[in-house]
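Undergrad: First to last, the protein sequences are chains A and B.
Heads up: the first sequence begins at 1 in my numbering, then just goes up one per residue.
Heads up: the second sequence begins at 1001 in my numbering, then just goes up one per residue.
Just so it is clear, CB atoms sit at the ideal spot from N, CA and C, and this is done for glycine as well.
My structure is below; once you've seen it, I'll send some questions.
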Amino acid sequence: MPLYLRPKFKTHYGAWVSADFPISRLDPAVKLLLPPAEQRFAADVETFIRRHWQPQLATAARLSRWQQALVEQGWSVPGWPQQHGGTGWSATRKYLWQRACIRHRVPLLPDPGATVVAPLLFDADNSTAAEWLDAIRTLRSRWCVGFLEAEAGAEAAQFVTQADVQANGSLELNGRKIGVRGAAQADWLCCLARVGEPLAAPCWLAVHLHSPGVSRDKDTVTLNGVQLPAEHLLAPAAAQHALEVLLCSEGRLLQQSAWLQGQLDMLLEVTAGLSEEPGLQRGLTELGVAVEALRVMELRYAHAVEQGGELPFPAQTLALRGEQIFTQLGDLQMQSFGYYALPYPDGLLSHNEMPIGSPGLAEAVQQAMMLKTGSMYEEFATTLTQVRDQLADRLKIN
Amino acid sequence: MDFSFTEEQTLLEESVARFIQNDYAFDDRQKLVKSELGFSADNWSTFAELGWLGVCFAEADGGFGGGAVEAMLMLENFGKGLVVEPYLATVVLAGGALKHGGNAEQKARYLPGIIDGSTQAALAYAEPQGRFNLADLTTTAAKDGGGYVLNGYKAVVLNGPAADVLVISARTAGEQRDREGVSLFVVDAGAAGVSRRDYPTVDGLRASEVTLENVKVDADALLGAEGEGLAVLEQAIDDGILCVGSEAVGCMEVLYKDTVEYCKTRKQFGQPIGKFQVLQHRMVDMFMEHEQSKSLMYMAAMRMDEGYGPEAQKAVSAFKVQVGKSGRFVGQNAVQLHGGMGMTDELNIGHYFKRLTIIDTLFGNVDFHLKRFGQL
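What follows is the structure, encoded as structure tokens:
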């Protein structure tokens, strides 16, 4: 008769080692699964955040101190390869870091420079790329990403922004990008454009936003005869593929549930007294179950990545599910705002005037509206339909 | 974090999977469903010989010291084969109540028979008016000399027709829905005053309506302390939820894979229907529902093995909610994508659908567990 001796997974159930942070205050979903070395790391992360993230300070000072601490600690770009200044953390450690940051409501990344631009530069062999990387790592430059165009659909093939190659090898760029998040504050634009032939696959180009020929109006960037040195062509490879890679990057995928849980917790606080709207309460409970399922999916995925074994499912599964839950969250957030879902104040004026409703509400409404629509396209030039196509392909069901 | 299984768990899983694949063909299963007993006594003996009936009992009680993860692995594979043998009723529910609430004497009396396959058992906990509220009881157990007299009616007792032993919930004190005053009793199924009306269930199992009319039992039939049986019952039912949920995960995997295979071979308009984007997307969504359920299954099993309490209960309820919703989605779409064949008795698809539908209802549906999840 066979013997089955071990009743549990090969997990490590040791107590969380930290005098400062009682187990009850830490993330219950991951404390279940941490070996001792990871427990120590988690405690270090908690200590670091509590020491350097000071919510009582004004926004500018808080961010400035935090970013300085990150750079000094060498934790400003944890997702990067170690040879470029990354931390060399395992998937588990990156996951713990992200979850802790989100739980403390600490901004994870200052701009797309670290996530979109840097991976395009890692293989470049020139001093300009090295300078850009260093500026991103030390948080001295801010980037925004522009690929949406007014006339283009979901396919990059529709883009018309064009960079013509000059006789001396430099480039002249013409076009208009819309929906560029953070354009007003950024120093650089990472821009998708065709280079040379009008039908060539779009490539990424780096554009300094103070260059002659660049004009900005809120989230629209117009490029009119902008001159670029040849080395500003970042990645000749197909840009759409780069977006797919970004969409499915571990750094992005493995933080979805933590972010969602943070949003859900806030929503539960806000709606605690709304007993006359049972549908909303039910929706929140359903969202809680959905986030919990996503959390365990992330854990399973991270575990497989760390083990170097077969993935339990394609990365698109997390991307698609995350996006679906974001949409669900957006719906519930909009419901929770009641009448205060209506105001749409000018963002710049709001800095000088009292907020309408409670502080941060206008930003929350905008975020919820974006989530409701599914924000995937704006960030990745990809729709849920296309992600399902990719997943069907990976699963070989087509 | 580590989602790997131990070598022993992997061996167990492979052993059950091999049995389902080699010795539990769908046509054979259908013959068992139509047989008088409703399952195979030979299969039950095999389960005992392979040690499966004792996996989740403590070594001190003659078992192998397994836990929720082992149960999960076995039941997931049972789900793939739509196993009709009464593992859930005998081992998980009635056996679970004995494991969690029984004293040494009671365990020594009943568990060896369950583990060696000679005893069939059932947990009689539901009542017509109670729906999913385990404390809503009209069945009473009144003191009678040194023992008790049971009177009442128990509904949809799974494996009732084959059971030698019934574990029955009855009220020894309090009002109809009070949490206090619920007691559990182990009763011989053939005791005077116990009568049954047996019937098949929609999903191919057997159940009974059990009437208790002045059933006299000795004091040693009381399982655990008098009036404190609800906690034991809740734990056994949560064990049951993990098991039927795992079954559902196994069912969903089969439905997804069979549907993909069918869509690759069935042709319309000159090409396999799996070439149509709208059907591909449905199958993608079926896959996603299965993976979400599987993830919460792991979490529920780990929580249960960590120790039974609110965290485990919450994880179990989350799992049940997910399984209810995902099971409905996967089942309905598998039927839709198979067309008219999907609901015929000849094809396995409809039978998985029925099992998933019943699993949603068993031990509390989506609504019930959403509420529980939100309250915990």
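#1: Pop quiz: residue 1374/B and residue 1251/B are said to be a contact at Cβ under 8 angstroms. What is the actual Cβ separation, rounded to whole angstroms?
#2: Would you list, in sequence order, the uninterrupted alpha helix (DSSP H) runs of no fewer than 4 residues that lie entirely inside the stretch 1333-1361 of chain B?
#3: Which whole runs of the beta strand (DSSP E) in the stretch 91-138 of chain A are 3 residues long or more, in chain order?
#4: Using a Cβ-Cβ distance under 9 angstroms, would residue 40/A count as near chain B?
#5: Would you call residue 1238/B buried or exposed, if buried means 16 or more other Cβ atoms sit within 10 Å of its Cβ?
#6: Please report whether the beta-carbon of residue 1284/B lies at a distance below 9 angstroms from any beta-carbon of chain C.
#7: 9 angstroms is my cut-off, CB to CB: does residue 1295/B come that close to chain A?
#8: With burial defined as no fewer than 16 other Cβ atoms inside 10 Å of the residue's Cβ, what is the status of residue 1202/B: buried or exposed?
#9: Against chain A, which members of the stretch 1053-1084 of chain B pass a CB distance test of less than 7 angstroms?
#10: Using DSSP with H/G/I as helix, E/B as strand and the rest coil, what is residue 1066/B?
#11: Using only alpha-carbon positions, find the residue among 1286/B, 1236/B and 1229/B that is nearest to residue 313/A.
#12: How far does the beta strand (DSSP E) with residue 1237/B in it reach, from first residue to last?
#13: Measuring straight from C-alpha to C-alpha, what distance separates residue 13/A and residue 1314/B?
#14: Which ranges would you report for the beta strand (DSSP E) in the stretch 1105-1154 of chain B if only whole runs of at least 3 residues count?
#15: Please classify residue 1055/B: does DSSP put it in a helix, a strand, or coil?
#16: Out of 1229/B, 1031/B and 1122/B, which has the shortest C-alpha to C-alpha gap to residue 1417/B?
#17: Would you verify that the beta carbon of residue 1371/B is, or is not, closer than 9 angstroms to some beta carbon of chain A?
#18: To which residues of the same chain is residue 1311/B closer than 6 angstroms at the C-beta, ignoring the five residues directly before and after it?
#19: Going by alpha carbons, who is nearest to residue 1276/B out of 392/A, 68/A, 363/A and 208/A?
#20: Interface residues of chain A around residue 1287/B at Cβ under 7 angstroms?
#21: Give a yes or no on whether the minimum CB-CB distance between residue 138/A and chain B is below 9 angstroms.
#22: Given that residue 1343/B touches chain A, what residues does it touch there, using C-beta distances under 9 angstroms?
#23: For a contact meaning CB atoms closer than 8 angstroms, what does residue 1312/B contact in chain A?
#24: Taking residue 1244/B and residue 1362/B to be in contact with their CB atoms under 8 angstroms, please state how far apart those CB atoms are, rounded to whole angstroms.
#25: Does the beta-carbon of residue 1010/B have 16 or more other beta-carbons within 10 angstroms, so that it is buried, or is it exposed?
#26: Do residue 298/A and residue 253/A have their C-beta atoms closer together than 9 angstroms?
#27: Using beta carbons (cut-off 9 angstroms, strictly below), is residue 255/A in contact with chain B?
#28: What does residue 1291/B reach in chain A if we use C-beta pairs closer than 9 angstroms?
#29: May I have the straight-line CA-CA distance separating residue 385/A from residue 1349/B, to the nearest angstrom?
#30: Is there a Cβ from chain A that is less than 9 angstroms from the Cβ of residue 1004/B?
#31: Under 9 angstroms, Cβ to Cβ, is there at least one residue of chain A near residue 1113/B?
#32: Starting from the C-beta of residue 176/A, find all residues in its chain whose C-beta is less than 8 angstroms away, skip the five residues before and the five after it, and write them out in chain order.
#33: Exposed or buried, what is residue 295/A when buried is set at 16 or more other beta-carbons lying within 10 Å of its beta-carbon?
#34: Go ahead and label residue 1282/B buried or exposed: buried means 16 or more other beta carbons lie within 10 angstroms of its beta carbon, across all protein chains shown.
#35: If the cut is a Cβ gap below 8 angstroms, which residues of chain B does residue 286/A touch?
TA: Looking at the coordinates:
#1: Contact doesn't hold; Cβ gap of about 27 angstroms is too wide.
#2: 1348-1361
#3: none
#4: no
#5: buried
#6: You won't find chain C in this structure, because its protein chains are A and B.
#7: yes
#8: exposed
#9: 1055, 1064, 1065, 1066, 1067, 1069 and 1070
#10: coil
#11: 1286/B
#12: Careful: residue 1237/B lies outside any beta strand (DSSP E), inside the alpha helix (DSSP H) at 1229-1265.
#13: Residue placement at residue 13/A is flagged as unreliable, the pLDDT there being 24, under the threshold of 50; a coordinate-derived value is accordingly withheld.
#14: 1121-1124 and 1140-1144
#15: coil
#16: Because residue 1417/B is not part of the residues shown, which for chain B are 1001 to 1376, the question remains open.
#17: yes
#18: 1303
#19: 392/A
#20: 395
#21: no
#22: Result: empty, since nearest Cβ-Cβ is about 23 angstroms, beyond 9 angstroms.
#23: Those within 8 angstroms of residue 1312/B in chain A number zero; the least Cβ separation is about 11 angstroms.
#24: 5 angstroms
#25: exposed
#26: yes
#27: no
#28: 293, 297, 300, 312, 313, 317 and 321
#29: 27 angstroms
#30: yes
#31: no
#32: 149, 150, 161, 220, 221, 222 and 223
#33: buried
#34: buried
#35: 1321 and 1370
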